[in-house]
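In full-length UniProt numbering, the protein residues as written are 1 to 159.
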């Protein structure tokens with residue numbers, strides 16, 4: 001049974017469309033409250049769940065585990081690049097990820113595999129700002145130890 005469209009859902013949809021990137025239900029509720037809509041937080045959560053289920057909104061988890069949402073501009077399957085600093089998001093198609101997911105699932109005897117891939121990093125502007133700030137104040141480990149190294153894991157090596 002199709003859900004009826006309510007004025008509350010319309011307001012949540014509009015506020016989500018006005019948001020500059022991914023937002024939490026609480027942030028969206030605060031924006032709606034500042035507009036004196038009278039829409040409660042539980043209604044915001046229900047509207048966001050409905051919009052996400054219908055494909056009108058993207059839902060993902062932030063690096064700290066909070067559910068965040070944004071108006072979806074692509075109707076098909078896609079992935080996101082999301083800036084950890086400013087929240088800017090870019091919808092991308094990643095054919096290599098699709099092929100890797102299918103190969104990996106098949107190698108383990110799985111069929112009809114589905115996946116969600118969201119990549120968090122720093123956008124160009126935030127990376128530049130971070131580099132500028134870092135070059136202004138050189139940082140050295142307090143105990144004189146060498147800086148830590150990072151291992152890079154790629155789909156090609158199976159991890």
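Note that the Cβ used here is the ideal one computed from N, Cα and C, for glycine as well.
As the structure is a computational prediction, the values presented were derived from the model and not from experiment.
Per DSSP, which residues does residue i bridge with? Please list them.
| i | result |
| --- | --- |
| residue 79 | 92 |
| residue 120 | 82 |
| residue 105 | Looking at the DSSP assignment, residue 105 forms no beta bridge with any residue, so it has no partner. |
| residue 71 | 57 |
For residue i versus residue j, is the C-beta spacing smaller than 8 angstroms?
| i | j | result |
| --- | --- | --- |
| residue 88 | residue 121 | no |
| residue 179 | residue 50 | Residue 179 is absent from the model: the chain starts at 1 and stops at 159. |
| residue 94 | residue 116 | no |
| residue 97 | residue 78 | no |
| residue 81 | residue 119 | yes |
| residue 66 | residue 24 | yes |
For residue i, I'd like the list of residues in its chain whose CB is within less than 7 angstroms of its CB, leaving aside the five on either flank, ordered along the chain.
| i | result |
| --- | --- |
| residue 74 | 91 |
| residue 130 | 122 |
Sorted by chain position, which residues of the same chain lie with C-beta nearer than 6 angstroms to residue i's C-beta, five sequence neighbours on each side aside?
| i | result |
| --- | --- |
| residue 150 | Bear in mind that the predicted position of residue 150 carries a pLDDT of just 32, short of 50, making it unreliable; the figure below should be weighed with that in mind. No residues qualify anywhere along the chain. |
| residue 31 | 15 |
Closer than 8 angstroms by C-beta to residue i: which residues in its own chain qualify, once you throw out the five before and the five after it? Chain order, please.
| i | result |
| --- | --- |
| residue 12 | 28, 32, 39, 43, 44, 47, 48, 51 |
| residue 105 | 111, 113 |
- Would you say the segment 10-24 touches the segment 68-84, given that touching needs at least three Cβ pairs under 8 angstroms? Yes, the segment 10-24 touches the segment 68-84.
- Message: So, does the segment 121-129 touch the segment 94-112, judging by three or more C-beta pairs under 8 angstroms?
- Response: no
- Item | Minimum length 3: unbroken beta strand (DSSP E) runs contained in the segment 16-69 | Taken in chain order, the complete beta strand (DSSP E) segments of 3 or more residues contained in the segment 16-69 are 57-61.
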